[in-house]
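Per numbering that gives the first Met the number 0, residue 0 is the first one in the sequence shown, and the count goes up by one each step.
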Amino acid sequence: MKGPVTFWSLAFTAITGVGLVGMFYAEKDRKEKARAKNIRSVGKPALGGPWVLVDQDGHPRTDASYDGKFRLLYFGFTFCPDICPSELVKIGNIVKSVEKKKITDLQPIFISVDPSRDTVGQMKNYSQDFHPSIVYLTGTREQVATASKAYRVYFSKANENENDEEDYLVDHSIVLYLVSPSGEFLDFFTQSMEVKDIVDKIAHYKEVYEQNLKDIESGSKKAPAEEKA
Numbered sequence: 000m001k002g003p004v005t006f007w008s009l010a011f012t013a014i015t016g017v018g019l020v021g022m023f024y025a026e027k028d029r030k031e032k033a034r035a036k037n038i039r040s041v042g043k044p045a046l047g048g049p050w051v052l053v054d055q056d057g058h059p060r061t062d063a064s065y066d067g068k069f070r071l072l073y074f075g076f077t078f079c080p081d082i083c084p085s086e087l088v089k090i091g092n093i094v095k096s097v098e099k100k101k102i103t104d105l106q107p108i109f110i111s112v113d114p115s116r117d118t119v120g121q122m123k124n125y126s127q128d129f130h131p132s133i134v135y136l137t138g139t140r141e142q143v144a145t146a147s148k149a150y151r152v153y154f155s156k157a158n159e160n161e162n163d164e165e166d167y168l169v170d171h172s173i174v175l176y177l178v179s180p181s182g183e184f185l186d187f188f189t190q191s192m193e194v195k196d197i198v199d200k201i202a203h204y205k206e207v208y209e210q211n212l213k214d215i216e217s218g219s220k221k222a223p224a225e226e227k228a
């Protein structure tokens, strides 16, 4: 037969329960932070690679066409009703903000994931609505797939209209990718990141890059110019 439940036994049970809950959330938070750190440290060198596309003026472009400049890449499509226009406005604001910091070597690039509809002419018309410094690139399905795969960009047709093969949306990754002047992947910025935070990151990488160049020129450093944040 069980004895009576005392105040102290109830208190002990409550304290133990609270402690276990606290330990659970602390461990959960620790694992999430470790996972995020691992993604960044392992993912950096795995992104990027060669690609060949064409710009809104019909000129062939490759990943090497923008060597000497920091690149801010975004993958989207011109028939996107809301997210892509919003991100392009955001990119324009990033460009304006970095220019205020005297950073003039940032090249924003929009790469289409909808080559069937995003022709050179369509890209040219679309470019009129956003910051003039943004370059718009498209290509064949194979070329677009190669560029997207290099940055692990997901995209797939969605909401297709059986009566109109041109009426559909495209699900795709919503990420900005920062690439160094020598073509090395540096960092990525999610949709939720504020313009100020992104600009601060770009300014940091710019400072590190220039300092490393000075160190290399002086002979005090032989490591690659890129460095993690």
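For every residue, glycine included, the Cβ atom is placed at its ideal position computed from N, Cα and C.
- Meets three-Cβ-pair contact criterion under 8 Å: the segment 155-170 and the segment 64-73: Proximity of the segment 155-170 to the segment 64-73 falls short of the contact definition, fewer than three beta-carbon pairs being nearer than 8 Å.
Notebook entry, point to check: For Gly48, does the count of other Cβ atoms within 10 angstroms reach 16, so buried, or fall short, so exposed?
Noted result: exposed
| message | Going residue by residue through the segment 54-87, where are the continuous beta strand (DSSP E) segments of at least 3 residues, counting only ones entirely within it? | response | 59-61, 69-75
Please say whether Leu52 and Thr137 have beta carbons closer to each other than 8 Å? yes
(Q) Checking the sheet assignment: what are the DSSP bridge partners for Thr137? (A) In the DSSP secondary-structure assignment, Thr137 is bridged to Val53.
Please name the residue in Lys99, Ser115, Asp56 whose C-alpha comes closest to that of Glu141. Ser115
- request: Identify which residue in Pro180, Ser85, Glu209 has its Cα closest to the Cα of Gln106.
  value: Pro180
Exercise for review: Identify the continuous alpha helix (DSSP H) that holds Asp196 and give its terminal residues.
Suggested key: Looking at the DSSP string, the run of the alpha helix (DSSP H) that includes Asp196 is 194-217.
query = Are Ile201 and Ile82 touching if we call contact CB-CB under 8 Å?
reply = Contact: no.
query: By the 10 Å Cβ neighbour count, where 16 or more other Cβ atoms means buried, how is Lys148 classified, buried or exposed?
result: exposed
query: Tell me the DSSP bridge mates of Leu105?
result: Leu105 is bridged to Phe69.
task = Would you tell me roughly how many angstroms separate the C-alpha atoms of Glu86 and Val207, rounded to the nearest one?
result = 26 Å
Is the beta carbon of Val152 sitting closer than 8 Å to the one on His130? no
Q) Can the beta-carbon of Tyr150 be found less than 8 Å from the beta-carbon of Tyr176? A) Cβ atoms of Tyr150 and Tyr176: closer than 8 Å.
- Please state whether DSSP places Val152 in a helix, a strand or coil. coil
Q. Hey, how far is the Cα of Ile38 from the Cα of Glu193?
A. Any reading at Ile38 is ruled out, since the residue's pLDDT is 41, under 50, leaving its predicted position unreliable.
Alpha carbon of Gly75 to alpha carbon of Val134, nearest angstrom: 13 Å
**Item:** Contact under 8 Å by Cβ, Thr61 with Met122
**Value:** For Thr61 and Met122, no; Cβs fall outside 8 Å.
Exercise for review: Please say whether Val178 and Val97 have beta carbons closer to each other than 8 Å?
Suggested key: no
Please state if the CB of Leu46 and the CB of Phe154 are separated by a distance shorter than 8 Å.
no
Under 8 Å between C-beta atoms of Gln190 and Val119 = no
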